[in-house]
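Shown next, in structure tokens, is the structure this report addresses.
Numbering (UniProt numbering), first residue to last: 1 to 1172.
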């Protein structure tokens, strides 16, 4: 059965019929159909159908008495009140109603076979009732205690009385066979499953009646009591989960619901839920027969349902439910003066003898067949004729056994079809194209991981791309923008602190890797960097979760068009504020200011689309901070603003000054053609009226608020405000105004002709990923395409801004050719763009993603890198790991249908405060080895140290050797899909986390002795410890139970960074994978990998285990792996390599040939270790 009790979630809370006056008194899950029956204290019964709980029937059973119990039969529903037995059809039609003098105070009913039931209550008689004859057949005397609860068991009929006892009765005679005295005062509830009886009730304590905090458990087979089970709340009702042997649900009167295992309570994990009963007492608890649903009724008239999944079933095999016949619609009524409704809407008889007036004569009609759709020109161009049959490769973008379906004419929602093509017509779709360098690209995987040759096809520049396979990789484009702001880069590279999760530190580490990557050999492979450690720290921050920034790329909300721009703008606002608080000189003030600002950020991020622009102007800016103290980030990005508030009642005024790190364009009340400068001026001088607290009036008054700009920063960060529908339409309208109709209709630009169908078409069509493909990619011209090679086009977003701040506040912008000398000059340096592929008929149809276009400062490009074709082409587009140069004209060209900016960054045209030619000071010093304390709480953790720390006089320097090895654990398993040809394809690789890092001395008297042997503490859930390959045992990474030298990843990371910055050379086996998981980028000149030293071209890589046996005669990794042993073996292999190379290349090549010959003969297995 597809169910897990650990995933109960509350699905709905429904106020039943009459719930405003009466509480719920009984609940029953129908055993034959998908129905939930609920009875209340006013004698009314309501039923609900399916997991969505649509109301099915509702009827009154008794005028004044409450519903005590319900049982579903094959023919209907059996209902009891204190003095009445009622049977009704599921549709609500009553079958019979029976009352008797023996029914004094009925409480329960138990079905005995198909035709008989047993009735009991607070009365001395148990009554057996025949459903066929509707008569009492037998009466059994049970004494004055009565029978309040009845439960069925294969051997007994179990009954519970008000005194707290449970009796086991013979099913034929109902004679009492055995009695369990469970509670001293009264019995609240009990249930039976298999051989267990579990009870809850009340006992006398200190002169009063109190609930028992323990569940009493009895073994029916052995007739003895078992150990009682404690629960979290005071148990009031309980039910076994029938799909499991000994698990049951227990609920308190106040709504604390707990799932536990009665057989092994200590081994079961705590599963506790709180019913949303708002203080009302819980009166009923029932579990469905499928064990997928659970219902709770309270005294407030609500029924609360819990389910294990969204499409939970009440029964494993339910029969269909009978519904009422649909109401026939009335005939169409046509007004006498209606000239639009067709007469054919009124049905005619099927047979008629006379011709109709609407029948056309035969001479005016002819038979017409459906037109054959045209064949794609890419198929025809690659078709090979064999006789009269043509063969062509299947076009890309279609999965196997999949036929595309499209209509020629589509209508938008809410738009009447008038015979003309709508926005998404075939003609528009053919003219709608997204350029290749802006399309979303997915990484391809091989058996060895990422395909580096595949990555090289997308990046021929010396700049680094970012991996997009990690969660929250939507931030890649914004990370690239931050890196290419020189002042920000230098601030972060000089930052270092002791906090474990610091985004400023992680960005510093990421920028350091990007620096190493762009300074690599320009003729080598391009580098793709993984921001895994930064994203790991990012997801641990509660502010990021509160703002809704932890959204994966496959989340359903990403498919909403307005979500991605809003997500990008919220992330930029969050990261700037977080960096500002983390780089403050005083940590205490930083924490306080960050907490205040993050609270306002959370409020701002949850605004609604309809009143977004109004709220943005009404509330204080979400990313503002007090002016004292000011961090370097605030000095770099902060716009100083003054907010003045004036009460319209008393006239009192107040003002305050704040810094805004990310300014938003105000697009409300803007219509028609507007210039970007005009919008910017209005956004920096905003006046609105809103209710606010007045200190003079001592109450909320209508207040006039005005925000004005007082000073501009070196870098002006702007949020485009197109994350709402109004903002999106405003941007689309402004860009449409700039389009020349002749250019749009003709589509005769130089780039369009070179890209779209001139010459032989490409066999891959729109799915072509070759960066320098010479073939055409589509036969239709590009919509909204302007030439970037010969035509000078106007752009709504200006490449330069000339503005100044007025003495009384506010901003004045002018065009470049009109700007006086006193105006400040800003240049556009970066833009984060939202790319829409929703109308593109490819495998990424319906996909939105972010790219960034950045003007690269000259100091970032290596002097050895090849020159671009044009000196002015210093703009690049960063699409995750794909990096391509573009022109400045293309960078500021935006199109309303597929490319819109989310964020704009302008930099002041003055000499930079920092010079990149002088490297920033390195904050990581040898002190990182001094603060080497274990986090393990066990006292013996400090005694079992397995390494000798470096002394002050033996710090390794440039060219010194160290040997390294790392062990990993798995956080989530690999995701793969099975193709139609039976082969498995990796969709997403398994996510690894570093668990142990060992570095040993590679030279000197203590060669081979470790000076780093750190176990990395992790808060993430580990799926597989890979003990056979890593030697890591469960508990080794837990601070509370580990006896190892446990430390944080950041602490170990800084030690390795110190060695890298000092020019130390690392020796190891498979170091590329080790550094990738640790998230380090090491210059290739500082890495000696034995997996490449002993390798022949075009041959397999050889394991460390086989190399150690062949060259050193060692048998390692016999039981498990040990990183110290592996690092020493790699160092000895390197020494062996040096010995072989010293004897000449010929002897070394012969040794390699012999190595591969022996390996093939032994099938690469070590004798004595791998026989099994």
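For glycine and all other residues, C-beta sits at the position ideal for the given N, C-alpha and C.
Predicted model only: the values in this text are computed from it and were never measured.
Enumerate in chain order the residues of its own chain whose CB-to-CB distance from residue i is below 7 Å, with the five nearest sequence positions on each side excluded.
i           : result
residue 804 : 812, 822, 823, 824
residue 459 : 465, 526, 881, 882, 883
residue 961 : 1002, 1003, 1065, 1067
residue 16  : 24, 38, 40, 46, 301, 303
residue 550 : 472, 539, 544
residue 955 : 926
residue 477 : 832, 850, 851, 852, 878
residue 489 : 483, 511
Go ahead and label residue i buried or exposed: buried means 16 or more other beta carbons lie within 10 angstroms of its beta carbon, across all protein chains shown.
i            : result
residue 24   : buried
residue 1192 : This structure leaves residue 1192 out entirely; the chain is present only between 1 and 1172.
residue 391  : exposed
residue 193  : buried
residue 650  : exposed
residue 344  : exposed
residue 29   : buried
residue 1089 : buried
residue 1050 : buried
residue 389  : exposed
Confirm, please, whether the CB-CB distance from residue j to residue i is below 9 Å.
i            : j            : result
residue 1258 : residue 723  : With the chain covering only 1 through 1172, there is no way to say anything about residue 1258.
residue 250  : residue 241  : no
residue 1130 : residue 1092 : no
residue 1124 : residue 998  : yes
residue 147  : residue 159  : yes
residue 8    : residue 307  : yes
residue 704  : residue 691  : no
residue 116  : residue 51   : no
residue 89   : residue 79   : no
residue 157  : residue 108  : no
residue 876  : residue 886  : yes
residue 1107 : residue 1133 : yes
residue 638  : residue 659  : yes
residue 835  : residue 434  : yes
residue 287  : residue 239  : yes
residue 1156 : residue 1096 : yes
Got a sec? Which residues, its chain only, sit under 8 Å from residue i by beta carbon, not counting five neighbours each side?
i            : result
residue 22   : 40, 41, 42, 44, 66, 301
residue 1033 : 1025, 1027
residue 809  : 642, 685, 708, 709, 710
With a threshold of 6 Å on Cβ separation, who are the neighbours of residue i within its own chain once the five nearest residues in sequence on each side are excluded?
i           : result
residue 472 : 535
residue 847 : 440, 837
residue 631 : 580, 583, 584
residue 188 : 200, 201, 236
residue 85  : 98
residue 683 : 665, 666
residue 142 : 126
residue 334 : 341
Comparing the C-beta of residue i with each C-beta of chain B, is any distance below 9 Å?
i           : result
residue 860 : Absent from the structure is chain B; it holds one protein chain and no more.
The segment 307 to 325 contacting the segment 254 to 270, beta-carbon criterion three pairs below 8 Å: no
Continuous alpha helix (DSSP H) assignments of at least 4 residues falling wholly in the segment 671 to 733: 676 to 683
Three-pair Cβ contact test at 8 Å for the segment 1082 to 1093 versus the segment 1059 to 1070: yes
Touch test, the segment 957 to 975 against the segment 985 to 999, Cβ-Cβ under 8 Å, three pairs minimum: yes
Any beta strand (DSSP E) of 3 or more consecutive residues that is wholly inside the segment 224 to 278: 235 to 240, 247 to 252, 256 to 261, 271 to 274
Completely contained alpha helix (DSSP H) runs for the segment 502 to 535, where each covers 4 or more residues: 503 to 518
Any 3 or more C-beta pairs closer than 8 Å across the segment 1098 to 1114 and the segment 568 to 575: no
Continuous alpha helix (DSSP H) assignments of at least 4 residues falling wholly in the segment 27 to 66: none
Start-end ranges of the alpha helix (DSSP H) lying completely within the segment 1048 to 1078, minimum 4 residues: 1049 to 1061, 1071 to 1078
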